[in-house]
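Scroll down for the structure; my scribbles are underneath it.
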Amino acid sequence: MSALALAFGSGGTASAQTKPKAPVSAAPQANPPASSAQSPQANRTSVDLLVPNTNGLAILIDNAIVALSQANVTGNYGVLHDLGSPDFQKLNSPQHLADVFAGLRQQSLNMTPLVLFQPRLLRPAAIDGKGILRITGFYETQPLQVHFNLGFQAVDGAWRLYEIAVWAAQA
116 MSALALAFGS GGTASAQTKP KAPVSAAPQA NPPASSAQSP QANRTSVDLL VPNTNGLAIL
176 IDNAIVALSQ ANVTGNYGVL HDLGSPDFQK LNSPQHLADV FAGLRQQSLN MTPLVLFQPR
236 LLRPAAIDGK GILRITGFYE TQPLQVHFNL GFQAVDGAWR LYEIAVWAAQ A
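According to the numbering used here, the sequence shown is numbered sequentially starting from 116.
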């Protein structure tokens with residue numbers, strides 16, 4: 116496999132999400148007020164979506180990574196915000212996303228070239244008990260690998276970003 120030199124330093128994880136989960140991030144995490152918390156099931160359509168095939172998963176992963184990369188390059192997190200599910204949007208304003216991903220932005224990350232690589236999954240993608248499609252893996256690049264932990268929520272028959280955590284680690 117060809118090596119891809121990514122210009123960024125090793126560092127912590129940055130993530131934006133819609134609910135607390137096991138610690139995978141050094142970034143602050145948004146928690147909804149108990150009275151306004153909405154179940155992921157509330158936004159699901161009457162037709163359940165299936166886990167996408169390999170190409171479909173790669174597209175979801177690449178789209179999330181490219182959106183984050185472009186947000187980091189421009190400092191404009193509006194598109195990343197707008198690509199998210201309604202639950203994600205409620206809890207993560209563009210400014211909050213900018214704050215969460217400040218560390219990656221300061222490293223001058225350009226993750227767009229990652230689309231030339233096939234993402235490797237650490238476990239099969241699966242839909243959890245709350246209807247969230249979970250995808251965890253990394254891009255096998257040198258000298259650093261970009262790892263991701265993504266969640267997608269079914270909204271109007273399509274998978275929309277629900278959680279995103281991205282970090283770099285030595286290969």
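By construction, the Cβ of each residue, glycine as well, lies at the ideal position given by its N, Cα and C atoms.
Alpha-carbon spacing of residue i relative to residue j, whole angstroms
| i | j | result |
| --- | --- | --- |
| Gly252 | Val230 | 14 angstroms |
| Gly171 | Ser208 | 27 angstroms |
| Leu265 | Tyr277 | 8 angstroms |
| Val281 | Val261 | 7 angstroms |
| Leu164 | Ile176 | 17 angstroms |
| Ala173 | Tyr192 | 22 angstroms |
| Phe232 | Val181 | 13 angstroms |
Residues bridged to residue i [DSSP beta-bridge criterion]
| i | result |
| --- | --- |
| Gln285 | Leu259 |
| Thr251 | Asn264 |
| Ile242 | Leu248 |
Cut-off 7 angstroms between Cβ atoms - residues of its own chain near residue i, not counting five sequence neighbours on either side
| i | result |
| --- | --- |
| Ala284 | Ser125, Leu259, Gln260 and His262 |
| Ile242 | Val166 and Leu248 |
Neighbour-count burial assignment, residue i, 16 or more Cβ in a 10 Å radius
| i | result |
| --- | --- |
| Gly218 | buried |
| Pro239 | exposed |
Sequence-distant residues of its chain with Cβ nearer than 6 angstroms to residue i (five each side left out)
| i | result |
| --- | --- |
| Arg220 | Asn187 |
Spatial neighbours of residue i in its chain, beta-carbon cut-off 8 angstroms, leaving aside the 5 residues before and after
| i | result |
| --- | --- |
| Ala286 | Glu255, Thr256, Gln257, Pro258, Leu259 and Gln260 |
Distance cut-off 7 angstroms: residue i Cβ against heavy atoms of the ligand PLP
| i | result |
| --- | --- |
| Gly246 | Of ligands this structure carries none, so the ligand PLP is not represented either. |
Closer than 8 angstroms to chain B by CB, residue i
| i | result |
| --- | --- |
| Gln285 | Checking the listed chains, one finds no chain B in this structure; it contains a single protein chain. |
Residue from the options whose Cα sits closest to the Cα of residue i
| i | options | result |
| --- | --- | --- |
| Pro228 | Asn178, Val194 and Pro167 | Asn178 |
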